[in-house]
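Residue numbers (the numbering used here), protein chains in the order written: chain A, 1 to 248; chain B, 249 to 469.
A virtual CB, placed ideally from N, CA and C, is assigned to each residue, including glycine.
Reviewing the structure listed below.
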Amino acid sequence: MRITFLVILLSLSFSHVAYADEALQRVKIADPFIDLHAGPGDGYPIFHVIVRGDYLDIILRRTSWLKVQTEKGLQGWVSVDQMEKTLTPAGENVEFSRSTEEDFEQRDWEVGLLGGDFGGATMFTVYGARYINRGLAAELGYAEAIGSASSSQLIKLGLFMQPFVDWRVSPYLYLGTGVINVKPNATIVIPENKDNQFSNVGIGIRGYISRKTIARLEYGDYVLFSADQDTDKNLSIKEWKLGIAVFF
Amino acid sequence: MEIRYSRFLLKITTLTLILTGQAAWSETPSLDQIQEVEAVIQPEVARVEFDESKIDVGDFEIVPAVGILSIEDFSSNVVINTKFNYHMSEDVFIGFELGRSKGGKSTFEVMVPGSNFLSDEQRVLTYYLFNIGYNMLPGEAYLTDKVTYNNALYLTGGMGSVEFAGDTRLAVTVGVGYRLMMFNLSSLYVEMRDHTFNLDVTGVSKLTNNFEMTLGYSFYF
């Protein structure tokens, strides 16, 4: 029984190896030589050099580093920049996809995280945006503001418009609406949960940093409808926030 | 006579040699024929085209972890958390994290029987954090003379919210972690952090330091 189990285990592990080898992509070195680093980073030492004409199998990619295996089974890491000086089995130049400013301009989705101040309370916002065209996007966000007397949760839906689509750092206008739930802290005497609708206008700038990363800074004004408990009037809250986003 | 006989034999041999030689020559295939034959032989190894999309990319990572969280005044308990990390470069990663633990009884509650500051529900501590990490000391760990793993000592900081004792509070977290990249698609994590947030359970708001130590195992995708 134990032997059967061992055999199954062994065959499984071998079949996995066979499968893995089959799936690996192979390139031929066209540069005089390529450095093999001990790890995925410039700080790792170069422990081996592969010369022109040798083949490399690519095991995986992590950020801008590729884990490769030589024909003799030696494993190491090569930067994407160096790896582009290799040839495919068909003799063409190898190209690896990397995010560029052009991809930033053509982006379809954006997911980001912002932190800042919401009327004196510390706030975090997570959002996802879908670009309708290069200058217009719809955004869905969730925010939480934690203050000394109360904490609030916001769900918001909005549109932002950026008139200068070709700029690396570009200003935008934001227009949104949503619902805010204000919950007073347990030690405060009036424990009343309140839902209010709000509208939100904002102005900000968004800039491409590198690879898939965007920085975003925004100043906004919220109007909470009939939120003032005594007079039932609208409340205005100022907000600023700063954060980063990743685009796809 | 003898000489004539041997001459005759020599002639026959020469003739045979020439004839067979010619035959052998005529059997040698022309260049066209060679190419035809080679085309018939199918190469055993199919030419593999390069396809970048077939390379495994592991820039995203999920890290479930378990450990101990010491909640100031409310004893230490098991904490479970899960991080979702995105590695922006070989040096920097960002992530979102959810965690859960439970506070015990404070010294006051133990000393004075029947005095309960918090209900069971309020003792549950949950947090979420937005983290940023920096791989400060990347290196290698030599397990044996043949087995070497990459590793990194990283600094981590985060901000987020903690819900405990019926309230949501702002949490600021700093710490240090160790990552051992044991396999292509998974790593082992040990992390030590301090979550700081204000607690006003006793009536006076004070800043608390809540130390956490976790062991995690990650999967890249």
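Query	Result
Tyr250(A) at chain B interface by Cβ criterion, 8 Å	No answer is possible for residue 250(A): the residues shown for chain A start at 1 and end at 248.
Cutoff 8 Å: Glu144(A) Cβ touching any chain B Cβ	yes
Nearest to Gly220(A) (by Cα), restricted to the options Gly207(A), Ser199(A), His37(A) and Ser226(A)	Ser199(A)
Asn398(B) at chain A interface by Cβ criterion, 8 Å	yes
Within chain B, the residues that Lys128(A) reaches when beta carbons sit closer than 9 Å	For the sequence presented, residue 128(A) should be read as Gly rather than Lys. The contacting residues do not exist; Gly128(A) stays about 13 Å from chain B at best.
Close beta carbons around Ser318(B), own chain, < 7 Å, minus the five adjacent residues each side	Ser324, Asn458 and Phe459
Residue-chain proximity (Ser151(A), chain D), Cβ-Cβ < 8 Å	Within the model displayed, chain D is absent; protein chains A and B are what it includes.
Contact belief for Ser354(B) with Asp321(B) at Cβ below 8 Å, rounded distance in angstroms	5 Å
Ser152(A), DSSP secondary structure in three states	strand
For Met359(B), the first and last residue of its enclosing alpha helix (DSSP H)	Thr355 to Met359
Pair within 8 Å by beta-carbon distance, Leu113(A) and Phe378(B)	yes
Three-state secondary structure (DSSP) of Glu84(A)	coil
Whole-number beta carbon distance between Phe308(B) and Phe469(B), since they are thought to touch under 8 Å	5 Å
Exposed unless 16 or more other CB atoms sit within 10 angstroms - verdict on Pro386(B)	buried
Neighbour flag for Gly362(B) against chain A, beta carbons, 8 Å	no
Phe118(A) CB to nearest heavy atom of the ligand MN below 7 Å	This structure simply doesn't include the ligand MN, nor any ligand for that matter.
Own chain, CB closer than 7 Å to Tyr382(B), minus 5 neighbours either side, in chain order	Asp339, Val340, Tyr402 and Leu403
Chain-order list of residues whose beta-carbon lies under 6 Å from that of Arg134(A) (same chain, five-residue window excluded)	Val165
As assigned by DSSP and simplified to three states, the class of Gln519(B)	Residue numbering for chain B in the displayed model covers 249 to 469; residue 519(B) lies beyond these limits and cannot be assessed.
Buried or exposed (CB count within 10 angstroms, at least 16 for buried), Pro40(A)	buried
Proximity winner among Glu92(A), Arg61(A), Ala38(A) and Thr63(A), relative to Ile29(A) (alpha-carbon distances)	Glu92(A)
CB contact check: Glu388(B) to chain A, cutoff 8 Å	yes
Identity of the residue in Thr213(A), Lys212(A) and Leu217(A) nearest Arg206(A) by Cα	Leu217(A)
Distance between Leu224(A) and Ala389(B) (C-alpha atoms, nearest Å)	56 Å
Strand pairing of Gln75(A), partner residues [DSSP]	Gln69(A)
Residue span of the beta strand (DSSP E) that contains Phe431(B), given as start and end	Asp415 to Phe431
Per-residue burial, Gln25(A) [other beta carbons within 10 Å of its own, 16 or more giving buried]	buried
Beta-carbon separation (whole angstroms), Gly158(A) vs Leu173(A), contact threshold 8 Å	About 10 Å; that fails the 8 Å criterion.
Given Ile380(B) as reference, the closest of Leu373(B), Tyr397(B), Thr416(B) and Ile342(B) once Cα atoms are compared	Ile342(B)
Three-way DSSP call (helix, strand, coil) for Lys238(A) in this model	strand
Closer than 8 Å at the beta carbon, the chain A residues around Val305(B)	Leu60, Arg61 and Arg62
The alpha helix (DSSP H) enclosing Asp103(A), as first and last residue numbers	Glu101 to Glu105
Straight-line Cα distance separating Ser226(A) from Asp232(A)	5 Å
Close-in-space but distant-in-sequence residues of the same chain around Lys454(B) (CB under 6 Å, 5 per side omitted)	none
Reference Glu144(A), options Gly306(B), Arg417(B) and Thr374(B), closest by Cα	Arg417(B)
Within chain B, partners of Ser97(A) - CB distance below 8 Å	Glu300
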